[in-house]
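Working notes, beginning with the structure itself.
Residue numbers (my numbering): 188 to 332.
Structure follows, in structure tokens:
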């Protein structure tokens with residue numbers, strides 16, 4: 188029997204927005220930070236909340252609720268900034284809470300359902316079913332555009 192080197196699972200960071208759980212591949216996430224002072228930048232699109240200085244690096248901050256067209260809510264003690272990177276670009280994503288790191292079996296991930304007109308569906312790469320949880324798998328490439 189020959190062994191394949193193909194991974195059987197993907198490691199993700201799970202986080203919450205409103206009442207849903209989302210996931211990003213862990214290799215694209217640098218850190219999860221508590222909410223800190225965000226400096227507004229004039230003339231940016233509404234979902235770009237500004238920039239932060241994180242360990243000497245000026246990082247733009249995107250509010251994922253705004254980006255997905257969800258209802259805005261006040262930030263609280265559970266609000267987190269996920270510092271994610273794609274290619275050479277580092278961005279902070281404001282989320283309601285970052286839950287945990289999970290290994291999702293590849294066979295538990297289904298393609299994005301065909302729901303016409305659903306909010307944010309252009310950012311979704313698939314849906315993972317884990318026991319009683321559904322995680323919406325996101326594409327950083329599409330969020331950054």
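A virtual CB, placed ideally from N, CA and C, is assigned to each residue, including glycine. As the structure is a prediction and not an experimental result, all values here were calculated from the model.
Based on the DSSP secondary-structure assignment, which residues constitute the bridge partners of residue i?
i: residue 203; result: 208 and 284
i: residue 295; result: None, per the DSSP bridge assignment.
i: residue 239; result: 246
i: residue 220; result: 268
i: residue 198; result: 290
i: residue 278; result: 271
i: residue 226; result: 238
Please tell me whether, using a cut-off of 7 Å, the distance from the CB of residue i to the nearest non-hydrogen atom of the ligand FMN is below it.
i: residue 223; result: This structure does not include the ligand FMN; it has no bound ligands of any sort.
When the Cα atoms are used, what is the spatial distance from residue i to residue j?
i: residue 194; j: residue 230; result: 43 Å
i: residue 269; j: residue 220; result: 6 Å
i: residue 267; j: residue 223; result: 9 Å
i: residue 296; j: residue 213; result: 16 Å
i: residue 238; j: residue 319; result: 37 Å
i: residue 313; j: residue 274; result: 21 Å
i: residue 287; j: residue 317; result: 13 Å
i: residue 303; j: residue 261; result: Here residue 303 scores only 49 on pLDDT, less than 50, and its place in the model should not be relied on; the value that follows carries that caveat. For residue 303 and residue 261, the distance between alpha carbons rounds to 29 Å.
i: residue 189; j: residue 298; result: No answer about residue 189 holds up, because its pLDDT of 47 lies below 50 and its placement is not dependable.
i: residue 300; j: residue 263; result: 32 Å
i: residue 207; j: residue 285; result: 12 Å
So which of the options has the shortest CA-CA distance to residue i?
i: residue 247; options: 271, 258 and 259; result: 271
i: residue 280; options: 250, 288 and 256; result: 250
i: residue 332; options: 278, 322, 313 and 316; result: 278
i: residue 217; options: 258, 242 and 206; result: 242
i: residue 325; options: 215, 253, 310 and 291; result: 310
i: residue 233; options: 210, 264 and 259; result: 259
i: residue 240; options: 253, 315 and 225; result: 225
i: residue 256; options: 264, 298, 235 and 276; result: 235
i: residue 292; options: 315, 285, 300 and 276; result: 315
i: residue 245; options: 299, 265, 252 and 276; result: 276
i: residue 330; options: 207, 252, 206 and 208; result: 252
So, under 8 Å CB-CB, residue i and residue j are touching, yes? Tell me the CB distance rounded to an integer number of Å.
i: residue 294; j: residue 204; result: Wrong, their Cβ atoms sit about 26 Å apart, outside the cutoff.
i: residue 322; j: residue 196; result: Contact doesn't hold; Cβ gap of about 13 Å is too wide.
i: residue 289; j: residue 215; result: With 8 Å as the limit, residue 289 and residue 215 do not qualify as a contact, their Cβ atoms being about 15 Å apart.
i: residue 199; j: residue 210; result: 4 Å
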